[in-house]
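K.L.:
Structure below; questions to follow.
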Amino acid sequence: MKILLINPPRSPENNILKFAPEDAKHFIHKKLIGPPLGLLTIAASVKDHDVVLFDTKGEYDLVPDTPPLAELVRLLLAKHRPEVVGVTTITSEFDFSVEILQTVKQTDPAILTIAGGLHATLCPRDFTDLSVDIVIPGQSPHVFRNVILAKEKGLRYESVSGIYINGLAGLKKTVGKPGKWDSANADYLMPDRSHLSRWIETYKVGNSPFPSTYVFTSLGCPYKCTFCSIWTQFKGKYYQRSIESLIAELKSIDEYPVVRFADANTVVDEHFMLDLFRRIEEEGIKKTFIMDIRADVAARRPDIIAKLAAGGLKVVICGFESFRDEELKRYHKDSPAVDNQTAVRVFEENGIMVRGNYVIPNDYTDADFKALAEYSDRNRVVYAGYTVLTPMPGTIYHKEVRDRIVDFNYRKYNFFNSVMQTTLPHDEFHHRVGSLWLIKKGKDVI
Ligand code: B12
Ligand code: SF4
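For my numbering, add 8 to where a residue sits in the sequence shown, where the first one is 1.
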């Protein structure tokens, strides 16, 4: 079976960048670089078939004058002649995923179209556009494989559990539950990164001359922050990979000297991380590591941070979220603001560069912006990110404020746009958020 998997482009909507002062624009995130791990996993589930994976993000970075999406998809269809096309979807890229599948159906209605990924997991019922044949929620490589087998054998898709079939009468869920699938352990599928070799030069972060890749050591998160869709995607569960499977993966990616752990939180099981880094040292694996680590972990366990730094940890992404305890409590962050300050000190003492991220609520007034600016100025970090507290569909926060949402354009759900009424005038709010990006140490950008 010929299968084409397409990673959609980034959403261009970025009101923080649009309204920021000119001198701040250089620092504001324009794009995140990284491989589509989800699609690579799906590709691995059907590797006995003829699979092509196309990263449109990488393509637009590599060849900026690549034709617009619909034309690009038509070229891909003409070149690869797939019988099945699959897309992965996060909320802000939903429209592009649908546009890809619409182009597929306009070109050849016989091609089977399948949508999966985070947004398909949290909001499967959004995929009612008739260009979508099947929606597969969840960690679903085995279900995807079952759909391909059904197509191959000419069976009805109704026989595959765990999918939604779309049609004129709407989406219909098939009966039964898909069999158990242990994505992080027994059923872990090693991604075949050779699918991405065309774009490897584009996977470079900041000023690094070396390409980076993502590897997950865990899935899900044991915390329950109200604005976060990662724990809801995994229904609050947390799955840890095995150390030996990680060592095997790290040893297989010599072409990527920089590895970002794609975890919600890399240090949850502290013993696990210490054991992993002991094995990394034993195996003589030399990489630069980037991780997401919570402030409270660094504040409580500076000894662990020191060990990780010795093993190659160079950059940490840390969700500071707020400088006020009452806001952190409201977000269910489970970590007081003082931990942010302690964490910055611990990371810096260990030569680790910190990317600290704050989320800005839509009701911030002039006084709130001034207070945050003052705090952030006292706690400068090398890379600082200031994004908008966004009600992502499928989160607690979305349920809380759903009646106050004024902008339903999913392209804006990427943390760079307020989709609720702001207390300050709309343009000024984004200008003020943009100005904050100037409060950081030095001139580096990631
Ligand atoms: C890797 C990653 C990326 C990569 C790759 C994503 C891509 N497709 O191109 C890059 C770096 C490009 C990226 C970019 C962005 N990301 Co990102 N990213 C992640 C991260 C860290 C890990 C995701 C992952 O790989 N998980 C592991 C894989 C195996 O799981 P998975 O993707 O869910 O895939 C499984 C299933 O979903 C399913 N599946 C997936 N695809 C498909 C397709 C089919 C056909 C089927 C059947 C099944 C299926 O099967 C897979 C295997 O089991 C998550 C945070 C996290 N820790 O989860 C954020 C996350 C997904 N990103 C997020 C966001 C917002 C972004 C950005 C918009 C950020 C920004 N503001 O710029 C950008 C988008 C573009 C840009 N502006 O540059 C949000 C999404 C929130 C939401 N509700 O939409 C997350 C959850 C982070 C967060 N803080 O909330 N991201
Ligand atoms: S914001 Fe971080 S700590 Fe909170 S639930 Fe999401 S991943 Fe977990």
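Heads up, the beta-carbon is just placed ideally off N, CA and C, and yes, glycines get one too.
Do you know offhand how far Asp73's Cα is from Tyr372's?
P.N.:
Straight-line spacing of the CA atoms in Asp73 and Tyr372 works out to 39 Å.
K.L.:
Does at least one heavy atom of the ligand B12 sit under 7 Å from the Cβ of Leu126?
P.N.:
Answer for Leu126: yes, Cβ within range of the ligand B12.
K.L.:
Less than 7 Å between the CB of Phe280 and some heavy atom of the ligand B12, yes or no?
P.N.:
no
K.L.:
According to DSSP, is Leu321 part of a helix, a strand, or is it coil?
P.N.:
strand
K.L.:
What does DSSP give as the partner residue(s) for Ile413 in the beta ladder?
P.N.:
Met428
K.L.:
Output the boundary residues of the beta strand (DSSP E) element that contains Met361.
P.N.:
Met361 to Ile368
K.L.:
Confirm the yes/no value for this check: CB of Ile238, any heavy atom of the ligand SF4, distance under 7 Å.
P.N.:
Checking every heavy atom of the ligand SF4 against the Cβ of Ile238, one is found closer than 7 Å.
K.L.:
Less than 7 Å between C-beta atoms, sequence neighbours within five positions excluded: which residues of the same chain meet that for Pro44?
P.N.:
Here the set comprises Asn15, Asp63 and Thr96.
K.L.:
Going by other Cβ atoms of all chains shown within 10 Å of its Cβ, with 16 needed for buried, is Arg363 buried or exposed?
P.N.:
buried
K.L.:
Are the region 278-294 and the region 249-258 touching by the rule of at least three beta carbon pairs closer than 8 Å?
P.N.:
yes
K.L.:
Would a check of beta-carbon distances place Val323 closer than 8 Å to chain D?
P.N.:
This model lacks chain D altogether, as it is built from one protein chain only.
K.L.:
Is Val453 helix, strand or coil by DSSP?
P.N.:
coil
K.L.:
Does the separation of the CB atoms of Ser191 and Leu227 fall below 8 Å?
P.N.:
Less than 8 Å separates the beta-carbon of Ser191 from that of Leu227.
K.L.:
Using 8 Å as the threshold, is the C-beta distance between Leu179 and Arg249 below it?
P.N.:
no
K.L.:
Using only the heavy atoms of the ligand B12, determine whether one of them is closer than 7 Å to the beta carbon of Leu45.
P.N.:
yes
K.L.:
Assign Arg302 to one of three DSSP states: helix, strand, or coil.
P.N.:
coil
K.L.:
In whole angstroms, what separates the C-alpha of Phe269 from that of Ser220?
P.N.:
10 Å
K.L.:
For Leu319 versus Glu289, is the C-beta spacing smaller than 8 Å?
P.N.:
Inspection of the sequence shows that residue 319 is occupied by Gly rather than by Leu. Against a cut-off of 8 Å, the Cβ pair of Glu289 and Gly319 comes out as a contact.
K.L.:
For the alpha helix (DSSP H) containing Asp69, list its first residue and its last residue.
P.N.:
Thr64 to Leu70
K.L.:
To the nearest whole angstrom, what separates the beta carbons of Asn422 and Glu21, a pair I think is in contact under 8 Å?
P.N.:
7 Å
K.L.:
Return the CA-CA distance between Phe104 and His150, expressed in angstroms with no decimal places.
P.N.:
25 Å
K.L.:
List the endpoints of the continuous alpha helix (DSSP H) containing Ala392.
P.N.:
First-last for Ala392: Tyr391 to Val396, but that is the beta strand (DSSP E), not the alpha helix (DSSP H).
K.L.:
Considering only their Cβ atoms, is the gap separating Ala32 from Leu442 smaller than 8 Å?
P.N.:
The residue you asked about is not Leu; residue 442 is Gly in the sequence shown. Yes.
K.L.:
In this structure, does DSSP put Ile173 in helix, strand or coil?
P.N.:
strand
K.L.:
Let me check understanding here. Comparing Cα to Cα, which of Thr210, Thr398 and Val59 lies closest to Cys236?
P.N.:
Thr398
K.L.:
Check for me: the alpha helix (DSSP H) holding Ala381 runs from which residue to which?
P.N.:
Boundaries of the alpha helix (DSSP H) harbouring Ala381: Asp374 to Arg386, taken from the DSSP string.
K.L.:
Phe424 to Leu316, Cα distance in whole Å?
P.N.:
Distance between the alpha carbons of Phe424 and Leu316: 31 Å.
K.L.:
Below 8 Å between beta carbons: does that hold for Val276 and Tyr246?
P.N.:
yes
K.L.:
Please give the ranges of any alpha helix (DSSP H) in the region 230-274, keeping only runs that are unbroken, at least 4 residues long and fully inside the region.
P.N.:
238-241 and 251-259
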